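Right, one structure below, let's go through it.
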Amino acid sequence: MSNPIDGSNLRAGVVGLGWAGQQHMKGYHLASGVDLVGLAGLETDHLQRLGDEYGVEHRYAEWADLFAGTQLDVVSVCTPPSLHAPIAIAALEAGINVLSEKPMALDSVSARAMVDAAKANGRILEVSFNHRRKAEVSAAKDLIDRGLLGKIYYAKAGWMRHSGIPGLGSWFTRKATAGGGPMMDIGVHMLDMALYLMGEPDVAAVSASTYAEFGPRGRGGSNWGITTKTGGDGTQTYEVEDLATAFVRMTNGGTLLLESSWAQGVGHDDMYVTLFGTEGGAELTWNPPGPQIKAWTQVEGVDATLQPRLGPNGGHTEAVADFVSAVRAGELAGHQGDEALTRALIVDAAYRSADDSAEIRVEPRSGEGSQTH
Ligand SMILES: NC(=O)c1ccc[n+]([C@@H]2O[C@H](COP(=O)([O-])OP(=O)(O)OC[C@H]3O[C@@H](n4cnc5c(N)ncnc54)[C@H](O)[C@@H]3O)[C@@H](O)[C@H]2O)c1
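Numbering (UniProt numbering), first residue to last: 1 to 373.
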């Protein structure tokens with residue numbers, strides 16, 4: 001691989017040509033000091049169109065051929081989750097730094113193997129949690145960092161869609177390719193935002209339930225993605241949950257209530273994070289008519305309602321830019337997938353809790369979940 005700190009441009013590749021892959025392509029295109037030199041994906045027409053659009057020299061159907069045929073410094077993995085770990089580990093072992101799409105992997109065992117590969121090979125591994133970069137989240141983080149909300153001891157976070165099953169019958173609704181339903185797909189974004197704003201507390205235990213009331217009956221499909229998502233066989237196979245609820249206990253006594261759904265009898269889609277702190281609270285919502293943040297605190301003994309001024313919205317472009325800067329700086333600490341692994345351990349514990357109807361203890365060091373008594 002070329003030396004990331006010698007000033008030469010980084011050579012980037014993207015595996016996966018769907019919506020997610022295209023966000024990463026745009027990110028590399030906009031990042032300074034990066035050349036997007038390789039693409040891989042199974043859709044020949046998209047491969048040629050996107051390859052032409054971004055002037056990409058090396059184009060392959062299969063990801064393994066991309067790694068064999070092209071020298072890369074960084075790669076984004078934007079395939080169905082079942083391929084995240086195999087592709088990321090192969091890349092890391094070949095000395096390539098990895099930015100993976102969420103969810104990190106099918107389960108925490110594969111996620112841990114990705115972290116191990118990053119550490120064994122001295123490479124960077126990041127997972128793209130782009131929603132954390134929303135302007136409202138940055139504003140809430142700023143209030144928290146300034147002490148205006150005190151210590152956050154309780155949070156609620158959720159993303160509830162009325163009819164938002166992405167691609168009924170595609171890889172999204174199959175256990176073997178997706179690993180799970182909305183908790184893996186959109187719940188992880190809310191979990192990520194909540195943990196980030198709560199200050200990354202250590203997680204002690206998870207209690208959860210899952211339901212599949214609409215998907216198996218062919219109801220709740222979204223208007224987007226039905227024909228473009230890969231892995232479908234023309235049937236509406238539905239093997240994952242369509243609603244998940246979880247209660248997460250932290251070792252510091254804090255708690256988090258998390259809900260995520262692709263299909264629900266709700267009036268409108270609902271996306272929110274609510275924070276309760278020792279000095280105040282905040283409500284962040286991304287619902288019609290538009291995103292909002294409100295906070296309540298006391299200023300010099302007087303109750304105050306705050307509507308923080310918002311900075312720019314971030315997303316995939318910023319996730320790619322930060323990944324590129326970490327690679328260029330050779331900044332391994334904090335950039336080898338540990339935070340994302342924590343999220344994978346919580347999701348695993350939630351699914352296990354739902355299966356066993358029991359609270360599951362989370363033990364990040366061993367990676368083993370065990371029932372609480
Ligand atoms: N962060 C976000 O906001 C966000 C949004 C959408 C999707 N995602 C995530 O991004 C990932 C991809 O989602 P999508 O909606 O773009 O899916 P998609 O089905 O539209 O695209 C998947 C791509 O993977 C490619 N692929 C599959 N097998 C391959 C192989 N063997 N070699 C090379 N390429 C292969 C397919 O050809 C396709 O181009 C998922 O993990 C999803 O959860 C994240």
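We treat Cβ as the ideally placed atom computed from N, Cα and C, and that holds for glycine. Small disclaimer: the values here were computed from a predicted structure and weren't measured.
Residue i (DSSP reduced to helix, strand or coil)
i	result
S8	coil
I144	helix
P201	coil
G13	strand
A304	strand
R361	strand
W262	coil
D35	strand
R59	strand
L284	strand
I152	strand
T227	Only weak support is given to the placement of T227: the predicted model assigns it a pLDDT of 47, under 50, and the question is left unresolved by the model.
L72	coil
G94	Per the sequence presented here, residue 94 reads as Ala, with Gly not at that position. If DSSP states are grouped into helix, strand and coil, A94 belongs with coil.
I256	The amino acid occupying residue 256 in the given sequence is Leu; Ile does not appear at that position. L256: strand per DSSP, three-state reduction.
T177	helix
L310	coil
E239	coil
S82	helix
G158	strand
G187	helix
G215	helix
A40	strand
S209	strand
L99	strand
Unbroken beta strand (DSSP E) run spanning residue i, endpoints
i	result
H162	Looking at the DSSP string, H162 is not in any beta strand (DSSP E), and its letter there is neither H nor E.
H316	No beta strand (DSSP E) contains H316, which is instead part of the alpha helix (DSSP H) from H316 to A329.
K294	G290 to V299
Y54	No beta strand (DSSP E) holds Y54; the alpha helix (DSSP H) holding it covers T44 to Y54.
L275	D270 to G277
T245	L243 to M250
T127	Residue identity differs from the one stated: residue 127 is Val in this sequence, not Thr. Per DSSP, V127 belongs to the beta strand (DSSP E) from L125 to S128.
6 Å Cβ shell around residue i - same chain, five flanking residues per side excluded
i	result
G164	S222 and W262
I124	N97, A326, V327 and H335
V266	M160 and H162
T274	K156 and E283
A304	T297
I152	M198, L275 and G277
L106	P81, S82 and G179
T227	With a pLDDT of 47 at T227, under the threshold of 50, the modelled position of this residue cannot be trusted; read the value that follows with caution. Nothing meets the Cβ criterion.
G27	H316, T317 and V320
T44	none
I186	W159 and S260
K119	Q336
L30	T317
Sequence-distant residues of the same chain with beta carbon closer than 8 Å to residue i, five excluded per side
i	result
G122	L332
Q48	R59
P288	H268
R133	N313, G314, G315, E318 and A319
P201	L195, M250, T251, N252 and G254
Own chain partners of residue i with C-beta closer than 7 Å, once the 5 adjacent residues on each side are dropped
i	result
V188	K102, P103, R343 and V347
S138	G311
L257	K156 and F247
T235	G169
W19	none
Y154	G254, T255 and F276
E93	A117 and N121
Limits of the unbroken alpha helix (DSSP H) element including residue i
i	result
S353	D338 to D356
G27	W19 to L30
A120	S108 to A120
Residue i CB to nearest heavy atom of ligand 3 below 6 Å
i	result
T317	Ligands present in the displayed structure are limited to ligand 1, and ligand 3 is not among them.
Exercise for the section: Would you check if the stretch 104-119 and the stretch 69-85 touch, i.e. whether three or more CB-CB distances between them fall below 8 Å? Expected result: yes
Exercise for the section: Kindly confirm or deny that the stretch 165-173 and the stretch 238-249 touch, where touching means at least three C-beta pairs closer than 8 Å. Expected result: Cβ pair count under 8 Å is three or more, so yes.
Exercise for the section: Mind the definition here: the stretch 309-326 touches the stretch 199-216 only if three or more C-beta pairs lie below 8 Å; say whether that holds. Expected result: no
Exercise for the section: State whether the stretch 354-364 contacts the stretch 47-61, with contact taken as three or more CB pairs (one from each stretch) at a distance under 8 Å. Expected result: no
Problem - Stretch pair the stretch 7-18 + the stretch 29-48: three plus CB contacts closer than 8 Å - result: Contact holds: three or more Cβ-Cβ distances are below 8 Å.
Handout entry: Cβ pair count under 8 Å reaching 3, the stretch 190-199 against the stretch 292-301
Key = no
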